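Numbering (the numbering used here), first residue to last: 142 to 328. Each residue gets a CB set at the ideal place from its N, CA and C atoms; glycine is no exception. The structure displayed is predicted, hence computed values, not measured ones.
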């Protein structure tokens with residue numbers, strides 16, 4: 142069986158390859174999935190993405206299947222339970238930010254009809270294809286991720302710096318940063 146040519150960042154594990162092949166860079170318009178990636182990306186801040194992928198199912202169980210409506214109502218007891226959970230990243234500020242971000246996510250839904258309409262409004266509803274030749278051509282931030290980050294922060298979101306926002310944009314297909322030689326481009 143011939144190995145597919147992939148973006149080099151995902152070659153270190155089968156889990157990474159599966160994520161790259163099945164999810165990364167594919168447009169997501171579903172609010173529940175957009176929130177899942179937002180929560181995971183905020184916990185990833187300062188860590189490697191593979192660390193988060195390895196703990197993704199633990200996060201799913203701990204955070205009620207990423208149900209932002211439930212997360213928005215978490216009590217202090219639930220937060221303390223999360224902080225004792227060895228299966229997730231037990232950073233106090235990040236755990237509290239998950240609750241705050243869920244609350245603000247709902248506020249955006251109320252204002253725009255969906256979070257998807259809000260976030261995709263920054264790209265007129267279409268993915269941006271950067272067509273990088275190599276991984277060196279992929280940036281960690283862009284002026285657009287700066288703009289979205291500022292807007293989210295203004296709305297009270299936490300752990301949504303430009304790098305986190307750009308990673309979210311990549312994960313949810315708002316931008317396509319698969320390199321030129323990647324099989325996802327040549328299919």
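Distance, residue j Cα to residue i Cα
| i | j | result |
| --- | --- | --- |
| residue 151 | residue 211 | 33 Å |
| residue 209 | residue 203 | 12 Å |
| residue 324 | residue 217 | 46 Å |
| residue 311 | residue 305 | 10 Å |
| residue 374 | residue 227 | In the structure as shown, the chain begins at 142 and stops at 328. Residue 374 is therefore absent and cannot be evaluated. |
| residue 142 | residue 290 | Note that residue 142 scores a pLDDT of 45, beneath 50, so its modelled location is shaky; the value from the coordinates is reported in the next line. Their backbone Cα atoms lie some 43 Å apart in a straight line. |
| residue 286 | residue 292 | 10 Å |
| residue 184 | residue 233 | 11 Å |
| residue 269 | residue 283 | 12 Å |
| residue 180 | residue 207 | 8 Å |
Beta carbon of residue i nearer than 9 Å to that of residue j
| i | j | result |
| --- | --- | --- |
| residue 193 | residue 220 | no |
| residue 349 | residue 260 | No answer is possible for residue 349: the residues shown for the chain start at 142 and end at 328. |
| residue 242 | residue 178 | no |
| residue 172 | residue 145 | no |
| residue 339 | residue 244 | The shown model of the chain, from 142 to 328, leaves out residue 339, and the question about it has no answer. |
| residue 288 | residue 307 | no |
N-terminal and C-terminal residue of the alpha helix (DSSP H) that residue i is part of
| i | result |
| --- | --- |
| residue 229 | From DSSP, residue 229 is part of no alpha helix (DSSP H); its letter is neither H nor E. |
| residue 306 | 303-312 |
| residue 199 | 190-203 |
| residue 257 | 256-261 |
Residues that DSSP places opposite residue i in a beta bridge
| i | result |
| --- | --- |
| residue 287 | Answer is none; residue 287 lacks a bridge partner. |
Okay, do the region 315-322 and the region 270-278 touch, 3+ Cβ pairs below 8 Å being the bar? Short answer: they touch.
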